[in-house]
Structures are given as structure tokens and as C-alpha cells.
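Colleague: Quick one: structure below, then a few questions.
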Amino acid sequence: MKITLAQSINLLSFLKRRVDELQAELLTTHTVTVPKGEMYTPPERTVEQVLTEMIEIQKDVLALQELINETNMQQTVEWEGERISLIRAIETAKMLRSRVHLYKRLGDTKPREYYGGNVVMETIALFNPSEYKQAAEMLARQVEVLSSRIDKVNYTVEIDVSLASKYLEA
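Heads up: the sequence shown begins at 16 in my numbering, then just goes up one per residue.
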């Protein structure tokens, strides 16, 4: 079944959540506490049934993750005058967002701040906060451009995901 890269990423997220749900189900249904000698109603599914489903989905997660990673290595986007792999673009966007956050914090720094009790203390910024505020704004715009290019690939590239029909067809 052919699906877009974006759909495969959503499917991967769904499968990972399902594994988490199955682990939680396993931990809540692997034992029953009842008064000694009393009868009990067993859970709807056995430990083995839950484990079997979880292991099958985990195998699908690995296969899908590998397919996504291969596609991300093959697909490229234009960035700073060169073609870079989608995986590099994604990691670059993450790093740039982190830098934007840091620059914004630096930009919010007061150039000089006074405080204290018996002795007046001052904190002096060793840089120009307004320069970092401007740099954060410029970098944020660049990250948006890169993110848009990544999204374009994610929503246009189709990949053949044979296991998708198991989860996406009604």
C-alpha cells in the first residue's frame, strides 16, 4: 500500500502508542488479587495474547522505522545553497529551534539588574541582549523555511508500506 511519508510517520506514532497501551494492559491484567479460595473472573485476554499482539506490533514498528529512515536518507531538500538529506534537515531544524529558544532567553536578559539587601548587587549582561533578540527572530524565520521544505517532502513523497493495510484499511 502506498502512503505519504507524513502518513507513515503518523502510523509509526500510532503503533508506538499502541505498544504503550499493550504494556499498560499487561501490567494491569497479569495478576488477580482475590480472597484465598474465592473464584475470580479472568481478564478478557491472557498474558500470552497481549504479549503476542505487542511483539507483532513492535516488529512492525521496527520495519516501518527502518523504511522511514531509508526514505529520509534518500530524499533531499535545498538548504543554504546545497542539497541535504531529509534526516539532516530534520536534525538541523531541531538544533535551530533549540538555538532560537536559547537566543530568546538571552534576548530577554536585562542589560543591568540591581538587587540585594545590606549590599547592593548588580547583574551585568556581558553581551547585547537586543542583538540576540533580533538573531532569534531571524533564525526563527529560517527554521520556518526549512520546516516548510521538510513538510513539502513529507506530504508529497509516497512510499510502499506493505504493513499499512493491516492498520489503515477499514
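Cβ atoms here follow ideal geometry from the backbone N, Cα and C, with glycine treated the same way.
Looking at Tyr118: is its Cβ nearer than 7 Å to the Cβ of Ala151?
Modeller: The answer is yes: Cβ separation under 7 Å.
Colleague: Could you tell me whether the segment 152-162 touches the segment 96-116, using the rule of 3 or more Cβ pairs below 8 Å?
Modeller: Contact between the segment 152-162 and the segment 96-116 is present, because at least three Cβ pairs lie under 8 Å.
Colleague: Using the C-alpha atoms, what's the distance from Thr43 back to Asp75?
Modeller: The straight-line gap from Cα to Cα measures roughly 24 Å.
Colleague: Enumerate in chain order the residues of its own chain whose CB-to-CB distance from Glu68 is below 7 Å, with the five nearest sequence positions on each side excluded.
Modeller: Closer than 7 Å at Cβ, skipping near neighbours: Leu37.
Colleague: Looking at Ile105 and Met88, is the spacing between their C-beta atoms short of 7 Å?
Modeller: No. Outside cutoff.
Colleague: Only counting runs of 4 or more residues, tell me where the alpha helix (DSSP H) segments fall wholly within the segment 20-104, in order along the chain.
Modeller: DSSP runs (the alpha helix (DSSP H)) wholly in the segment 20-104: 20-44 and 62-89.
Colleague: Considering only their Cβ atoms, is the gap separating Ala39 from Tyr170 smaller than 7 Å?
Modeller: No. Outside cutoff.
Colleague: Spell out the partners DSSP gives Val135 in its beta bridges.
Modeller: According to DSSP, Val135 bridges with Gly131.
Colleague: How many Å lie between Tyr191 and Lys148 at the Cα?
Modeller: One cannot answer for residue 191 here, as it falls past the ends of the chain, which runs 16 to 185.
Colleague: Which residues mark the beginning and the end of the alpha helix (DSSP H) in which Glu159 is found?
Modeller: Note, Glu159: alpha helix (DSSP H), Pro144 to Thr171.
Colleague: Do you know whose CA, among Thr48, Leu26, Ser100 and Leu30, lies nearest Ile165's CA?
Modeller: When only C-alpha atoms are compared, the closest one is Ser100.
Colleague: Considering only the alpha carbon of each residue, which of Arg127, Ile70, Val168 and Ile18 lies closest to Leu41?
Modeller: The candidate whose alpha carbon is nearest that of Leu41 is Ile70.
Colleague: Could you round the C-beta distance between Leu82 and Val176 to whole angstroms and report it? I think they count as a contact, below 8 Å.
Modeller: Indeed, because the Cβ distance is near 6 Å, the residues count as touching under 8 Å.
Colleague: Using the DSSP secondary-structure output, state which residues sit across from Asp123 in a beta bridge.
Modeller: None, per the DSSP bridge assignment.
Colleague: Of all the options Leu161, Glu85 and Thr61, which has the alpha carbon lying nearest to the alpha carbon of Glu97?
Modeller: Minimum Cα distance to Glu97 is reached at Leu161.
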